[in-house]
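Here is the structure we will look at, set down as structure tokens.
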Amino acid sequence: MFERKFINGNAAVAHAVRMIQPEVIAAYPITPQSTIVEKVAEFIAQGELDAEYIKVESEHSALAACFGAVSAGCRVFTATSSQGLAYMCEMLPYVSGNRMPMVMAVANRGMAAPWTIWGDHQDSVSMRDQGWIQLYVENAQEAFDTCLQAYLLSEDSAVRTPVMVCLDGFVVSHTDELVELPDLQAVQQFLPTYQPLYSIDPATPFTFSIGVAPDRYMEYKYSQQLGMDAALHLIPQISARFAAIFGREQAGLIDAYRCADAEYVLVTMGSVTGTARVVADKLRSSGLKTGVLKVRSFRPFPSKALVEVLSQVKGIGILDRNYSFGNQGALGTEVKAALAGNTAQQQIINFIAGLGGRDIKPSDLELMYQKIVQAVELDTVAQPVEFIGLRG
Amino acid sequence: MLQIRWHGRGGQGAVTAARILGLAASVYENYYAQSFPAFGVERRGAPVMAFTKIDAGVILDRSEIYEPDYVVVLDSTLLGTVNVTAGLKPGGKVVINWPGAQAEQPSSSDYEYIAIDATQIAQSIIGRPITNTTMVGALSAATGIVSLAAVQKAIAEALPSQLAAKNVAAAAAAFNAISGRKHNAEFATR
Numbered sequence: 100m101f102e103r104k105f106i107n108g109n110a111a112v113a114h115a116v117r118m119i120q121p122e123v124i125a126a127y128p129i130t131p132q133s134t135i136v137e138k139v140a141e142f143i144a145q146g147e148l149d150a151e152y153i154k155v156e157s158e159h160s161a162l163a164a165c166f167g168a169v170s171a172g173c174r175v176f177t178a179t180s181s182q183g184l185a186y187m188c189e190m191l192p193y194v195s196g197n198r199m200p201m202v203m204a205v206a207n208r209g210m211a212a213p214w215t216i217w218g219d220h221q222d223s224v225s226m227r228d229q230g231w232i233q234l235y236v237e238n239a240q241e242a243f244d245t246c247l248q249a250y251l252l253s254e255d256s257a258v259r260t261p262v263m264v265c266l267d268g269f270v271v272s273h274t275d276e277l278v279e280l281p282d283l284q285a286v287q288q289f290l291p292t293y294q295p296l297y298s299i300d301p302a303t304p305f306t307f308s309i310g311v312a313p314d315r316y317m318e319y320k321y322s323q324q325l326g327m328d329a330a331l332h333l334i335p336q337i338s339a340r341f342a343a344i345f346g347r348e349q350a351g352l353i354d355a356y357r358c359a360d361a362e363y364v365l366v367t368m369g370s371v372t373g374t375a376r377v378v379a380d381k382l383r384s385s386g387l388k389t390g391v392l393k394v395r396s397f398r399p400f401p402s403k404a405l406v407e408v409l410s411q412v413k414g415i416g417i418l419d420r421n422y423s424f425g426n427q428g429a430l431g432t433e434v435k436a437a438l439a440g441n442t443a444q445q446q447i448i449n450f451i452a453g454l455g456g457r458d459i460k461p462s463d464l465e466l467m468y469q470k471i472v473q474a475v476e477l478d479t480v481a482q483p484v485e486f487i488g489l490r491g
Numbered sequence: 128m129l130q131i132r133w134h135g136r137g138g139q140g141a142v143t144a145a146r147i148l149g150l151a152a153s154v155y156e157n158y159y160a161q162s163f164p165a166f167g168v169e170r171r172g173a174p175v176m177a178f179t180k181i182d183a184g185v186i187l188d189r190s191e192i193y194e195p196d197y198v199v200v201l202d203s204t205l206l207g208t209v210n211v212t213a214g215l216k217p218g219g220k221v222v223i224n225w226p227g228a229q230a231e232q233p234s235s236s237d238y239e240y241i242a243i244d245a246t247q248i249a250q251s252i253i254g255r256p257i258t259n260t261t262m263v264g265a266l267s268a269a270t271g272i273v274s275l276a277a278v279q280k281a282i283a284e285a286l287p288s289q290l291a292a293k294n295v296a297a298a299a300a301a302f303n304a305i306s307g308r309k310h311n312a313e314f315a316t317r
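If you're matching them up, the sequences are chains A and B in order. For the first sequence, the working numbering gives the first residue as 100, with consecutive numbering after it. For the second sequence, the working numbering gives the first residue as 128, with consecutive numbering after it.
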């Protein structure tokens with residue numbers, strides 16, 4: 100049933116797109132995303148995907164073209180990174196505010212200046228409030244699997260919200276590993292053809308993307324939250340359905356690894372989760388009750404699921420591969436807000452690491468766990484926000 | 128887990144070699160593998176690194192390789208500028224391209240050096256001094272981590288068809304040269 104391929108995260112996304120069969124793709128190249136849309140273009144050129152590939156002059160136009168195509172009732176796909184996502188920023192809330200289903204792969208990359216092509220989550224995290232669902236993946240297989248699930252989620256009539264599938268630049272996008280590709284038939288069984296609720300049709304005219312006065316605007320925004328609520332409910336169900344069809348366990352909103360009896364838990368997003376699992380295993384074998392909590396869905400944010408896992412934990416580290424200047428990491432803010440008023444006294448440290456592609460080593464993660472243990476033993480946190488791995 | 132670090136210069140195909148080894152180990156043997164370049168600035172001629180990890184189970188650790196089991200050096204001139212044995216485990220192997228005309232081969236009591244004139248093999252079989260596939264064949268013979276058959280299938284899959292046959296032959300030539308050497312050494316000690 101599966102074809103085993105040794106490919107990187109970008110190729111995994113491109114293969115997912117080939118099987119999802121969007122009708123329109125519009126994208127502008129930017130490292131580390133470029134090889135996704137190059138591979139998709141190759142599939143179209145070889146006749147393996149029947150889609151319109153619109154070459155555009157910028158990321159802003161790429162998302163505008165996708166917006167137009169989805170408004171006309173097409174399934175669409177795009178991908179970007181870093182400054183390219185920033186250039187799309189103006190179009191992002193047009194897509195989400197009009198409740199258009201769409202999936203965009205974001206190969207995560209740090210923001211200039213200083214100019215960098217390497218990975219962190221600053222690009223997508225800084226687009227947190229544009230009304231898009233954001234799912235972060237750990238490896239190439241999860242990138243493939245999540246793209247399929249993202250379309251089902253986005254196109255659900257109660258959700259109708261665009262989705263960013265975020266994969267770490269280079270660490271996932273450019274790392275080759277084994278990926279199991281299902282056959283097209285199984286994918287089509289999981290993801291039926293897109294049926295738009297409304298689409299542009301001169302025979303039955305609608306107004307799209309209207310302007311509204313203050314007596315209407317808030318209701319539109321409230322309806323977007325209802326879409327997010329529906330997504331929060333649906334993400335675990337879609338993951339379960341995917342697992343039943345393809346036989347691979349899926350994270351759903353979160354993935355709690357060895358957290359059931361854990362005293363010290365590191366909360367992570369993206370590819371560093373894998374390394375953290377290895378470190379947690381190692382520390383377990385030396386007697387420390389360590390666990391890892393992966394946040395797969397950053398928007399909608401799974402506060403309830405998170406509190407259920409973390410409520411009995413003594414010490415929590417929250418690892419951010421991004422930074423909100425003047426405060427702390429974005430995940431730090433979110434996790435602390437979820438826990439506020441919901442749990443007993445806990446020691447919490449927000450760690451910042453891996454910015455601009457700096458490697459997060461197992462020893463960096465061990466150090467984080469050590470700092471959490473120390474905070475619990477001393478019953479105080481010396482430094483609530485700490486950068487790990489800075490040059491000496 | 129076995130960890131292999133590749134050293135070359137931009138344009139010599141170290142990243143492709145790392146990928147071919149991972150492909151051979153995962154798709155054509157029954158292991159799990161990861162391969163990736165060192166995420167630095169890449170320019171033609173500048174020192175580059177790439178990594179391959181091979182294990183019997185799923186590889187979760189996504190950090191770079193700091194303590195390799197094996198190191199492969201595609202270009203001996205790197206020895207003057209790059210510490211290719213940095214972090215190499217004691218008893219680890221260094222498989223190095225060592226063109227014949229040069230001075231005495233490197234040696235060490237901490238590591239095993241396996242030298243082969245891959246430039247000559249590549250030049251005579253492929254017609255170009257691009258040694259990456261030759262060195263995958265050499266590594267295969269020197270360590271036994273993957274079979275020559277798996278390496279050859281991986282090269283055939285990874286390279287464009289017009290290049291594949293000669294590169295497959297170059298890998299086999301290096302494999303046979305090192306295997307023959309080992310065989311002779313065993314014979315001599317009997």
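Even for Gly, the Cβ is constructed at its ideal location relative to N, Cα and C.
Contact annotation: residue 259 (chain B) and residue 144 (chain B) have beta-carbon atoms nearer than 8 Å. Exclusion of the five residues before and after residue 196 (chain B) leaves 129, 130, 216 and 219 as the residues of its chain whose Cβ lies within less than 6 Å of its Cβ. Residue 264 (chain B) and residue 155 (chain B) have their C-alpha atoms spaced approximately 15 Å apart.
Residue 216 (chain B) sits in coil when the DSSP states are folded into three classes, being neither helix nor strand. Counting only Cβ-Cβ distances below 7 Å, residue 270 (chain A) has contacts in chain B at 189, in chain order. Note that the C-beta distance between residue 123 (chain A) and residue 150 (chain A) is below 8 Å. For residue 105 (chain A), a Cβ of chain B is located within less than 8 Å of the residue's own Cβ.
Remark: three or more beta-carbon pairs, one from each stretch, lie closer than 8 Å, so the stretch 194-201 of chain A and the stretch 228-245 of chain A are flagged as touching. Residue 263 (chain A) has its alpha-carbon roughly 53 Å from the corresponding atom of residue 232 (chain B). In the structure shown, residue 436 (chain A) adopts helical secondary structure according to DSSP, grouped into three states. Distance check between residue 183 (chain B) and each of B:248, B:160 and B:221 places B:160 closest, using alpha-carbon atoms only. Judged by their CB atoms, residue 107 (chain A) and residue 275 (chain A) are nearer to each other than the 8 Å cut-off. With fewer than 16 other beta carbons inside 10 angstroms of its own, residue 348 (chain A) counts as exposed. In this chain, the beta strand (DSSP E) harbouring residue 164 (chain B) covers 159-164. The beta carbons of residue 139 (chain A) and residue 116 (chain A) sit closer together than 8 Å. Counting only the Cα atoms, residue 241 (chain A) lies some 15 Å from residue 119 (chain A). Residue 131 (chain A): not part of any alpha helix (DSSP H); DSSP gives it neither H nor E. Using a C-beta cut-off of 8 Å, the stretch 247-261 of chain B makes contact with the stretch 286-298 of chain B, since at least three inter-stretch Cβ pairs fall below that distance. In this structure, DSSP gives residue 328 (chain A) a helical state, which the three-state scheme calls helix. When DSSP states are grouped into helix, strand and coil, residue 398 (chain A) belongs to the strand group. Secondary structure within the stretch 153-220 of chain A: the alpha helix (DSSP H) runs of 4 or more consecutive residues, fully enclosed, are 158-170, 181-187 and 191-196 (chain order). Think of a sphere of 9 Å around the beta carbon of residue 138 (chain A): no beta carbon from chain B falls inside it, the nearest being about 15 Å out.
Residue 381 (chain A) sits in a helix when the DSSP states are folded into three classes. Contacts between residue 150 (chain B) and chain A, judged by CB atoms closer than 8 Å, involve 105 and 275 in chain order. CA-CA distance, residue 252 (chain A) to residue 323 (chain A), rounds to 14 Å.
In the DSSP assignment, residue 246 (chain A) falls within the unbroken alpha helix (DSSP H) covering 239-254. Secondary structure at residue 388 (chain A): coil, using DSSP grouped into helix, strand and coil.
Taking residue 379 (chain A) as reference, the option from A:441, A:408, A:466 and A:339 with the minimal CA-CA separation is A:466. Note on geometry: alpha-carbon atoms of residue 201 (chain A) and residue 222 (chain B) lie some 49 Å from one another. Listed along chain B is no residue with a C-beta nearer than 7 Å to that of residue 209 (chain A); the closest approach is about 12 Å.
When the five nearest sequence neighbours on each side are left out, the beta carbons in the same chain lying within less than 8 Å of the beta carbon of residue 239 (chain B) are those of 218, 219, 220 and 221, in order along the chain.
Below the 8 Å Cβ cutoff, chain B contributes 187 as neighbours of residue 376 (chain A), in chain order. Neighbourhood of residue 159 (chain B) in chain A, by CB distance below 7 Å: 277, in chain order.
Excluding its 5 nearest sequence neighbours in each direction, residue 271 (chain A) has C-beta neighbours in its own chain below 7 Å: 108, 236, 238, 239, 242 and 370, listed in chain order.
Excluding residues up to 5 positions away in sequence, 353, 354, 355, 356, 358, 364, 365, 366, 367, 405, 408 and 409 lie with their Cβ nearer than 8 Å to the Cβ of residue 392 (chain A) in the same chain.
Of the candidates A:221, A:360 and A:166, the residue whose Cα lies closest to the Cα of residue 182 (chain A) is A:221.
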